[in-house]
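Peer 1: In case it helps, my numbering puts the sequence shown at residues 20 to 361.
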Amino acid sequence: DSGNLGQLDLILALQWIKANIAAFGGDPSRVFVFGQSGGGAKIATLMGMPAAKDLFHSAATMSGQQVTASGPINAHKRTLAYLDRLGVKADNLQPLLDMPMERLIEATDAVDPILGSGVYFGPVLDMKWLTRHPFWPDPNPQSNHIPMILGNTRDETRAFIGPDKVKGLTWDNIAARMAPELKMDLLPEWVVAEYRAHFPSDTPEQIFYRATTAGRSWPGQVIEADARAEAGAKATWVYQFDYQSPVKPERGAPHAGDISLVFGTLGAEGSISGTGPAAQKLSRQMMRAFASLARTGKPGWAPYTLPDRATMVFDVESRLVNDPRKWERELFARVPYIQPGS
């Protein structure tokens with residue numbers, strides 16, 4: 020079970036809620052699950068796990084996708100890399116029990132034998148708890164009836180590729196510096212040329228962030244939303260978060276920028292939404308949408324269907340737009356999307 024213990028923890032919590040929430044005034048027939056980034060990926064995975072069936076009734080993912088899970092062979096290779104970093108042999112795991120938590124965490128910087136970055140921990144296709152990929156070759160039919168919101172931010176990569184990392188960016192070096200950040204196997208020079216032709220007034224930095232966002236995790240959200248629409252899952256809604264941070268405008272609308280607005284914690288430490296009237300207005304809109312999904316199964320805007328791809332663009336003035344990033348979507352749809360960590 021070790022490959023999916025994190026997911027099994029979530030299932031155990033949902034089982035407890037189903038059995039006990041009524042005693043706290045809750046409704047066990049209206050359980051709403053949502054998560055951001057890795058949390059969103061966990062929700063997407065739950066939708067493909069038989070043990071999670073009937074434990075929740077609506078869902079939302081915020082910049083978190085899990086089209087495919089890790090295969091067992093790759094997961095085993097990662098385990099060996101992690102153990103090697105700790106100096107532990109696979110046939111004797113006893114030393115792990117005596118190691119301080121700090122050491123276990125430090126070892127996650129072991130080189131992932133598949134990705135080449137820090138070792139990846141994620142759900143595993145173990146054929147016991149997870150018997151198929153969550154959204155490949157189609158969404159798991161067990162969850163197609165569940166109302167679902169899928170959202171991403173316009174400038175995802177501005178959150179973790181800071182301005183200091185793009186200093187000295189020019190048209191001569193942008194392709195080489197962009198290449199490690201793209202998760203789609205396309206010629207970087209070709210990607211840059213296409214973007215320059217489509218956005219002729221953009222600077223190298225602007226195109227760098229556009230392309231690394233569109234060619235990184237966002238395609239996973241498009242695949243999941245399209246897959247649900249193709250499968251006839253009519254209760255699907257998509258949003259794009261375009262609200263530019265007034266606190267750190269250089270970050271644009273970054274990964275995690277929507278969290279404080281959904282929770283209404285605008286002034287919390289780490290929030291970059293600001294606390295002004297525009298942020299308060301947008302926060303009310305987003306909170307109402309999520310609460311409405313939990314309460315009624317509908318967030319309050321048109322569902323996502325093909326070919327329209329209706330998308331709620333959350334911004335200072337929110338608006339419904341059909342297929343707002345069509346050009347970028349079609350550009351990266353030329354090649355298969357391989358979920359990082361698969």
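Beta carbons: idealized from backbone N, C-alpha and C, even for Gly.
1. Looking at the structure shown, is Leu365 part of a helix, part of a strand, or coil, going by DSSP?
2. Looking only at its chain, what residues have a beta carbon closer than 7 Å to the beta carbon of Lys72, apart from the 5 residues adjacent to it on each side?
3. Tell me whether Phe43 is buried or exposed, calling it buried when 16 or more other Cβ atoms sit within 10 Å of its Cβ.
4. If you drop the 5 nearest sequence neighbours on each side, which residues of the same chain put their C-beta closer than 7 Å to that of Asp145?
5. Which residues in the same chain have their Cβ closer than 6 Å to the Cβ of Val340, if we skip the five residues on either side of it in sequence?
6. Taking the alpha-carbon of Ile363 as reference, which of Gly54, Met81 and Gln85 has the nearest alpha-carbon?
7. Going by the beta-carbon positions, is the gap between Gly83 and Gln55 smaller than 8 Å?
8. Rounded to the nearest angstrom, what separates Pro359 and Ala178 at their Cα positions?
9. Could you say if the segment 182-194 and the segment 220-237 meet the contact criterion of at least three C-beta pairs nearer than 8 Å?
10. Could you give the residue range of the alpha helix (DSSP H) that holds Trp346?
11. With DSSP as the reference, label Phe218 as helix, strand or coil.
12. Look at the alpha carbon of Ala194 and the alpha carbon of Glu208, and state the distance between them as a whole number of angstroms.
13. For Arg196, which of Asp204, Leu206, Pro119 and Val185 has the nearest alpha-carbon?
14. Do you know how far the Cα of Ala310 is from the Cα of Ser77?
15. Using only alpha-carbon positions, find the residue among Arg307, Thr87, Leu102 and Trp237 that is nearest to Asp128.
Peer 2: Short version:
1. Outside the displayed span of the chain (20 to 361) sits residue 365, for which this structure offers no information.
2. Against the sequence shown, residue 72 aligns to sequence position 53. Closer than 7 Å at Cβ, skipping near neighbours: Gln161.
3. Numbered from 1 along the sequence shown, position 24 holds the residue referred to as residue 43. Burial call: exposed.
4. The residue you call residue 145 lines up with position 126 of the sequence shown. These residues qualify, in order along the chain: Gly22, Asn23 and Pro91.
5. Position 321 of the sequence shown, counted from the start, is the residue given in the question as residue 340. For Val340, where only same-chain residues beyond five positions count, the Cβ hits under 6 Å are Thr330 and Val332.
6. Examination of residue 363 is not possible in this model, given that the chain is present from 20 through 361 alone.
7. Here residue 83 is taken as the residue at index 64 of the sequence shown, counted from 1. Here residue 55 is taken as the residue at index 36 of the sequence shown, counted from 1. Yes, these two residues count as a Cβ contact at 8 Å.
8. By one-based count along the sequence shown, residue 359 stands at place 340. By one-based count along the sequence shown, residue 178 stands at place 159. Spanning the two alpha carbons is a distance of roughly 18 Å.
9. Yes, the segment 182-194 touches the segment 220-237.
10. Looking up residue 346 in the sequence shown gives position 327. Looking at the DSSP string, the run of the alpha helix (DSSP H) that includes Trp346 is Lys345 to Phe351.
11. As a working mapping, residue 218 is identified with position 199 in the sequence shown. Here Phe218 sits in coil by DSSP.
12. On the sequence shown, position 175 is the one that residue 194 refers to. On the sequence shown, position 189 is the one that residue 208 refers to. If I take the Cα positions, the gap works out to 5 Å.
13. Position 177 of the sequence shown, counted from the start, is the residue given in the question as residue 196. Of the listed residues, the one whose Cα sits closest to Arg196 is Val185.
14. Translated into positions along the sequence shown, residue 77 becomes position 58. Translated into positions along the sequence shown, residue 310 becomes position 291. Going by the C-alpha atoms only, they are around 11 Å apart.
15. What you label residue 128 is simply residue 109 of the sequence shown in a count that begins at 1. Measuring from the Cα of Asp128, the nearest candidate turns out to be Leu102.
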